[in-house]
Amino acid sequence: MDNVNEKRRPLPDPRKFVPLKKRDFAQQQMAPSYTTWKLATMKLTANKFAMGAGIVLALMIIMAVIYPLFTPHNFRGQSLLNTFTAPGGSYYFGTDDLGRDLFSRSWKGAQISLTVGILAAIADVILGIIIGGIMGFFGGKVDEVLNKITEILYSIPYLLIVILLGVVLGQGMFTLIIALVATGWINMAWIVRGQIMQLKNQEYVLAAQAMGSGGFRILFKHLIPNTMGPIIVTMTLTVPSAIFAEAFLSFLGLGVQSPAASWGVMINDSLASWQLYPWTLLFPAGMLCVAMLAFNIFGDGLRDAFDPKTRVE
Amino acid sequence: MANQSNAMLEVDNLSKFFDVGKGKTLKAVNGLSLSIRKGETLGVVGESGCGKSTAGRTIMRLYEPTSGKALYNGQNIYDLKGANLKAFRREMQMVFQDPYASLNPRWTVENIIAEPLDIHGLVASSKERKVAVERLLDKVGLNPSHLTRYPHEFSGGQRQRIGIARALAVNPKFIVADEPISALDVSIQAQVVNLLQNLQRTESLTYLFIAHDLAMVKHISDRIAVMYLGKLVEIADSDDLYADPRHPYTQALLSSIPVPDPDVEATKERIVLRGDLPSPISPPSGCPFRTRCPAATERCAAEVPELRQVGANKAHWAACHYA
Amino acid sequence: MLLHQPIDKEGETTMEPILKVEDLRVSFRVRGGEVQAVRGVSFDMNKGEALAIVGESGSGKSVTAQSIMRLIPTPPGTYKAGSIVFEGSDLLKKTEKQMESVRGRDIGMIFQDPMTSLNPTMTIGDQITEVLMRHQNMNKEKANKRAVEMLKLVGIPNPEARVKQYPFEFSGGMRQRAMIAIALSCDPTLLIADEPTTALDVTIQAQILEVMKDMQEKLGTSIILITHDLGIVADMCDKVIVMYAGQVVERGNKYEIFKSPQHPYTQGLLKSLPRLDQKKDEPLIPIDGTPPDMANPPHGCPFAARCPHAMEVCVEEDPFMFTHSDTHESKCWLHAMPE
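Which chain is which? The protein sequence lines are C, W and F, in order.
Heads up: the first sequence begins at 0 in numbering that gives the first Met the number 0, then just goes up one per residue.
Heads up: the second sequence begins at 0 in numbering that gives the first Met the number 0, then just goes up one per residue.
Heads up: the third sequence begins at 0 in numbering that gives the first Met the number 0, then just goes up one per residue.
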């Protein structure tokens, strides 16, 4: 038995060959505890691009609210003596063909774009969760009928809805939001439906049923909280597409109407003059690009943060 | 089937079919009858697709049956509604197979274990709730201070203990354990089985223990039911079933299990079945096992064998013409 | 323990092992550190032997097997140290290109899940002929004939029709048979089977084990069987290696391991298993606690925290490997108890 085949080391001290007194495997050591939310926050803060984009977005939102503090000019005020003023003086971004201050118009445009984007996304989420939740949770006939309805709605081009709503409600920001939501929620509903269908078959849902839990408790306590990750990600990616849709429709004259300010309206206004007075295009187009880029980068960062496969380095 | 008067649960001709589209049905459980006495453990074994899990879930009334009855203390559980159904849910609880999927990943251990208490309104204050959860954690051998932790921080065996603590929260009388150890490592399985056995004594529980590991089922069960393609093929006291298996499927199943002893393995005659399990969507006519049975005759194709008493022991039943 | 000495192709007797793994160390980089999956594994095997590597999840048994095939993705994995000498050359020193000609030709492998290890878009026959045409330079016709032969050999009925079918048309047991046919089609010297029957039902498992034993007899293939099921080991294998926390804690022939286990972990495993041939009333004796975290392995013997015989020395120093017979060794301080 004492046939040691490992001669490299000397045998340890014989006095150590006594039963171990202190044993504490009941007290399992555990690493610090993280919830999915905490972990997602940690991953997000570690992602420099996403954080940069987040800061840009935060500044943009703040500026869109408080910009009047920085300028004496009103976004509507025309000054025919000061048409096409180059950036400088009290006109930080210059003026347009009617002598309106582009600085206040750009930030007013930001206000409108962000409002449209965020309100549309929130409305999408609410409608999407309710209808997608019902489709996924009840399944069967309910799902079949709702699915057919959403497919029909999805097949109607949203431009058509915008134009029709414009005729009925008059053109403007709220018509635009309603038009965007009318088609946008369907995507969200399908995502929620898919998630819930998948989660519904998890054993913990069965376990809740076995405990005597009712359907609505299961839906709101177990299913929807577990779909929040994908919902938030979809939402942050809905915002830039809504912002772009707003700019695009306003550019075409189907959305916000001049003299109200919107990036799309301003780009349209600059069409005749931008070759001589490039700042009339540069500022609204630049801000539109920055906003889109920042939302997309931030959305990507969020998606990675909620993805269990990515890790904090 | 034997009608013991002291049966706690009596399943009578229970069937559960699933519609799989194109007018086809999957007969997951097909005319199952059995009874469970108070305080005993009935093991249900069979291979994948034999309907043992569906049977467990239908008995829990997680599925509505296609036909048949299940009498719990004399009352058909499929007739229960409203408050009576909720009361039944307190009597019968379930332990699940997958310790990863059966706990909500976003909830703390405290919320997971207290969920049945919340549903049935059994705790008045958050302090009472916490004390109850700590007591349950202690009962299943976990550290009571872990109640703010999340499921992913525990090992498989510890998670299964959390699942057991949750099942015990409402002081049930009857537990359906659906493959509770098959996802666990060998050295952990014995811990969980011992815990279940100890709890059976201290909490006076009755178990329906579903598993595919016949050795473990034999260890924990008083009686064993063997299922094949949705049907009960043999039921007997566990030692009886091992010593004197009557159904050819039970015989093959027993001989298929490798025993961790080279001497036993060297001398063992193994019955290796031909072919695969037939699809439960289009099961064979007559005896479901006849396509793989080494002793099948024409009678087996023509006639469905009835479950009948075999051998000396009154509790030993088998569904084979030649048993 | 070998009663007959293996004869090599020239007819000379030789005791040179076909596979010799020495001090293999494999680690994986993860968030905030390194998981040491395999920590100094050594063993060797002779031609025609069946060797079992037994252990629980996380014991490093699968990583060891995949290392022999050089299937560990690097990164995140790294071969930290050691050598794997197969038929005279070190596999860890080979290039990826050279390994490609070893895999499938000299060493075959079958996996736990036959569905994911077969290509769903190719017929079973094409998957066999592909291997044959690459490694054996067979023409299509000859390879097709061989594919039918192989399917017949592993007990797939009606092989002429079956070669033209896709994996989804096969049942789980049939897929695993097809996997064995692919792995053995080039007549490899060594077959590595990583939990080959874990996903299968017991009656199907019995069929697959039968096929593997049959193949070993007919083709003389050496087999490394990775499993957690000690019953299968007793049935199939000659030699056994017991792994725990990335180390070999005991090795021996199957009688030594099952009849006189020397390491408390092996003893514990055997005592915690219920046996069909035992009376019900004997309680199981479980191993307390849980396996250690391999990102942060404990000092000394990794099993000490769960060991009923743990001594002070166990938590301070890594035990030596003690020899009990020519074939039997165990890594435990109990065998160095002072008088």
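Virtual Cβ for every residue (Gly too), placed ideally from N, Cα, C.
Quick check on residue i - is its C-beta less than 9 Å from some C-beta in chain W?
i, result
"Gln27 of chain C", "Because Gln27 of chain C sits at a pLDDT of 49, beneath the cut-off of 50, its placement in the model cannot be relied upon, and the point is left open."
"Gln197 of chain C", "no"
"His227 of chain F", "yes"
"Glu150 of chain C", "no"
"Val311 of chain C", "Reliability fails at Val311 of chain C, whose pLDDT of 49 lies under 50, so the model's placement of it is uncertain and the value that follows must be treated cautiously. So no, Val311 of chain C is outside the interface."
"Asp287 of chain F", "yes"
Taking the continuous beta strand (DSSP E) assigned at residue i, which residues delimit it?
i, result
"Met108 of chain F", "106-109"
"Asn12 of chain W", "6-18"
"Asp236 of chain W", "230-236"
"Glu21 of chain F", "18-29"
"Val53 of chain F", "49-53"
"Leu190 of chain F", "189-193"
"Tyr243 of chain F", "238-243"
Is there a Cβ from chain C that is less than 9 Å from the Cβ of residue i?
i, result
"Met93 of chain W", "yes"
"Cys236 of chain F", "no"
"Pro273 of chain F", "no"
Is there a C-beta anywhere in chain F that falls below 9 Å from the one on residue i?
i, result
"Ile189 of chain W", "One detail in the question is off: residue 189 of chain W reads as Ala in this sequence, not Ile. Taking Cβ atoms only, chain F reaches closer than 9 Å to Ala189 of chain W, which makes this a yes."
"Pro143 of chain W", "no"
"Phe24 of chain C", "Only weak support exists for where Phe24 of chain C lies, its pLDDT of 47 falling under 50; the value from the coordinates is given anyway. Judged by the 9 Å Cβ criterion, Phe24 of chain C is in contact with chain F."
"Gly156 of chain W", "yes"
"Ala123 of chain W", "no"
"Leu159 of chain C", "no"
"Ile256 of chain W", "yes"
"Phe16 of chain C", "yes"
DSSP beta-bridge partners for residue i?
i, result
"Pro261 of chain W", "Answer is none; Pro261 of chain W lacks a bridge partner."
"Met44 of chain F", "F:Leu18"
"Gln74 of chain W", "W:Tyr71"
"Ala311 of chain W", "For Ala311 of chain W, which the question treats as bridged, DSSP gives no partner whatsoever."
"Lys80 of chain W", "Note: Lys80 of chain W sits in no beta bridge, so no partner."
"Asp177 of chain W", "W:Ile209"
"Gly45 of chain W", "Bridge partners of Gly45 of chain W: none, in fact."
"Asn252 of chain F", "F:Lys238"
If you check the beta carbons only, do residue i and residue j fall under 9 Å apart?
i, j, result
"Arg228 of chain W", "Gly50 of chain W", "In the sequence as presented, Arg is not what sits at residue 228 of chain W; that position holds Leu. Going by C-beta atoms, Leu228 of chain W is nearer than 9 Å to Gly50 of chain W."
"Ser261 of chain C", "Ile111 of chain C", "yes"
"Val264 of chain C", "Gln274 of chain C", "no"
"Arg24 of chain F", "Gly39 of chain F", "yes"
"Glu21 of chain F", "Ser82 of chain F", "yes"
"Pro143 of chain W", "Ile161 of chain W", "no"
"Leu218 of chain C", "Ile195 of chain C", "yes"
"Ala147 of chain W", "Val122 of chain W", "The sequence shown places Thr at residue 147 of chain W, rather than the Ala named in the question. Cβ atoms of Thr147 of chain W and Val122 of chain W: not closer than 9 Å."
"Phe110 of chain F", "Asp193 of chain F", "yes"
"Met93 of chain W", "Ala246 of chain C", "no"
"Ala119 of chain C", "Ile176 of chain C", "yes"
"Ala164 of chain W", "Val192 of chain W", "no"
"Ile256 of chain F", "Ile222 of chain F", "no"
On the DSSP letters alone, give me the boundaries of the alpha helix (DSSP H) that residue i sits inside.
i, result
"Arg104 of chain C", "101-137"
"Asp268 of chain C", "262-269"
"Ser254 of chain W", "247-255"
"Asp213 of chain F", "201-218"
"Arg36 of chain W", "Unbroken run through Arg36 of chain W is the beta strand (DSSP E), 24-36; no alpha helix (DSSP H)."
"Phe243 of chain C", "223-251"
"Phe294 of chain C", "278-305"
What are the residues in the stretch 206-219 of chain C lying within 9 Å of chain W by C-beta distance? So the list reads Ala206, Ala207, Gln208, Ala209, Met210, Gly211, Ser212, Gly213, Arg216, given in the order they occur along the chain.
Contacting positions in the stretch 162-177 of chain F - beta carbon closer than 9 Å to chain W: Those would be Ser170, Gly171, Gly172, Met173, in chain order.
Please name the residues in the stretch 28-41 of chain F whose beta-carbon is closer than 7 Å to at least one beta-carbon of chain C, in chain order. Those residues of the stretch 28-41 of chain F that come within reach of chain C (Cβ to Cβ, closer than 7 Å) are Arg30.
Give, in chain order, every residue of the stretch 290-324 of chain F whose Cβ lies closer than 9 Å to some Cβ of chain W. Cβ proximity to chain W below 9 Å picks out Pro290, Arg305 from the stretch 290-324 of chain F.
Could you name the residues of the stretch 241-274 of chain F whose beta carbon sits closer than 7 Å to any beta carbon of chain W, in the order they occur along the chain? Interface annotation for the stretch 241-274 of chain F against chain W: Lys253, Tyr254, Phe257, Gly267, Leu268, Leu269, Ser271, Leu272, Pro273, Arg274, criterion Cβ-Cβ distance under 7 Å.
For the stretch 198-218 of chain W, enumerate the residues whose C-beta is nearer than 8 Å to any C-beta of chain F, in chain order. Of all residues in the stretch 198-218 of chain W, only His211, Leu213, Ala214, Met215, Lys217, His218 place a beta-carbon less than 8 Å from a beta-carbon of chain F.
Residues within the stretch 43-71 of chain F neighbouring chain W, beta-carbon criterion of under 7 Å: Per Cβ criterion, the list reads Glu55, Ser56.
Contact set between the stretch 57-88 of chain C and chain F, restricted to residues whose Cβ is under 7 Å from the partner: Cβ contacts with chain F: none found.
Along the stretch 256-277 of chain C, where does the CB come closer than 7 Å to a CB of chain F? Name the residues. Within the stretch 256-277 of chain C, contact with chain F at the beta-carbon level (separation under 7 Å) is assigned to no residue.
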